[in-house]
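Accompanying notes for the structure given below.
Residue numbers (full-length UniProt numbering): 1 to 327.
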């Protein structure tokens, strides 16, 4: 197919922007063929008289870009028209193709939510990483972060989201939800995602964040007493939970106290890996606030975000595999 003038002009530009580099990395590390294979059975075939559906590969790429750049459906539609880099990534040439609009993207997202396909996307990405030897199963780090939700009642229903709740962290009250994750202690990649209202105590979700094959689990002081809970009775997992800050500050300056302090530092160095997925989701993907109403829709989005975050965290090793395959 003959390239348009805009395509030729874009291809000939000398400087690669950060967006260009990011999309090139995303292209290389995402297991597109595997994702399309697992999604295809649920995607409309266009066998009626209506307009044939836009190709699955194109819609999947558009959805992935939307999540990575933290865009609304309308914002993603605008980005397709505004950015040649994004059009190139999705595979759209405006001289011959009609760009998918916000409504089409909304329908695709609802398809994923209805059939719980973001869980399938998350599992497929993790299976791909496991095949590359990047996900081990000996240890898990558990943690949670608050995702804010609109607390205003100035909306169509005149009510707050019933699935969201308020909680106090330090001296500040937060309204929203919590993303609880279980992270591989070796690679720092997320293997389990659970979403709850913000007022849910972290320790109550610890059991749901274990995959069942680990021998060790790590958590901050919020998980104190986790091993004594009923759901963990009979478990062979050894828990390494941080000492409460007040108790740690009172450790004596004795050989025993110094040893206990070193143990706390060692546990903290392992737990630090759990912050990396949160950093990617909140800062790189700009997901600091819940975009939708209800836990179900937001959980579906979190599964996609943490799956894509895994690809970003493993990109150096995945890019190395990609380079080896190309050579």
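Note that the Cβ used here is the ideal one computed from N, Cα and C, for glycine as well.
Burial state of residue i (16 or more Cβ within 10 Å)
i	result
residue 279	exposed
residue 177	buried
residue 205	buried
residue 187	buried
residue 60	buried
residue 170	exposed
residue 246	exposed
residue 327	The predicted position of residue 327 is uncertain, since its pLDDT is 47 and thus under 50; a value taken from the coordinates is nonetheless stated next. Burial call: exposed.
residue 126	buried
residue 211	exposed
residue 220	buried
residue 80	buried
residue 33	exposed
residue 17	exposed
residue 202	buried
residue 256	exposed
Nearest-angstrom beta carbon gap, residue j and residue i [assumed within contact, 8 Å]
i	j	result
residue 137	residue 213	4 Å
residue 66	residue 105	7 Å
residue 124	residue 35	6 Å
residue 236	residue 215	7 Å
residue 167	residue 159	Incorrect: roughly 19 Å between the Cβ atoms, too far for contact.
residue 42	residue 117	6 Å
residue 99	residue 73	Their Cβ separation, rounded to whole angstroms, is 13 Å, which puts residue 99 and residue 73 out of contact at 8 Å.
residue 260	residue 251	6 Å
Cβ neighbours of residue i in the same chain (closer than 6 Å, five flanking residues each side left out)
i	result
residue 218	141, 240, 270 and 271
residue 274	141, 143 and 183
residue 243	264
residue 19	85
residue 222	202
residue 64	none
Minimum C-alpha distance to residue i - residue among the options
i	options	result
residue 139	229, 86, 250 and 267	267
residue 85	128, 56, 202 and 21	21
residue 71	225, 92 and 109	109
residue 304	83, 102 and 30	30
residue 91	62, 75 and 78	62
residue 88	103, 107, 58 and 73	58
residue 295	102, 54, 202 and 149	149
residue 234	260, 207, 93 and 64	207
residue 97	232, 202 and 55	55
residue 75	299, 291, 223 and 230	291
residue 300	157, 230 and 111	111
residue 293	129, 151, 15 and 69	151
Neighbourhood of residue i by C-beta distance below 7 Å, restricted to the same chain and skipping five residues each side
i	result
residue 179	144, 145, 147, 193, 195 and 302
residue 297	113
residue 134	187, 189, 314 and 317
residue 248	264
residue 281	287, 305, 306 and 309
residue 227	239
residue 78	none
residue 224	241 and 244
residue 129	135, 189, 310 and 314
residue 262	none
residue 231	207
Other residues of its chain near residue i: CB distance less than 8 Å, five sequence neighbours each side excluded
i	result
residue 277	181, 183, 188, 189, 190, 306, 309, 310 and 313
residue 120	38 and 39
residue 321	132
residue 174	146, 148, 166, 167, 168 and 198
residue 319	25, 28 and 29
residue 122	193, 303, 304, 306 and 307
residue 83	19
residue 15	none
Below-8 Å beta-carbon distance, residue i vs any chain D residue
i	result
residue 313	Protein chain content of the structure displayed is limited to a single chain, and chain D is not contained in it.
### Message
Under 8 Å: do the stretch 15 to 29 and the stretch 305 to 324 share three or more Cβ pairs, one atom per stretch?
### Response
Taking a cut-off of 8 Å on C-beta distances, the stretch 15 to 29 touches the stretch 305 to 324, as three or more cross pairs fall below it.
### Task
Could you tell me whether the stretch 191 to 210 touches the stretch 153 to 172, where touching means 3 or more Cβ pairs closer than 8 Å?
A contact exists between the stretch 191 to 210 and the stretch 153 to 172.
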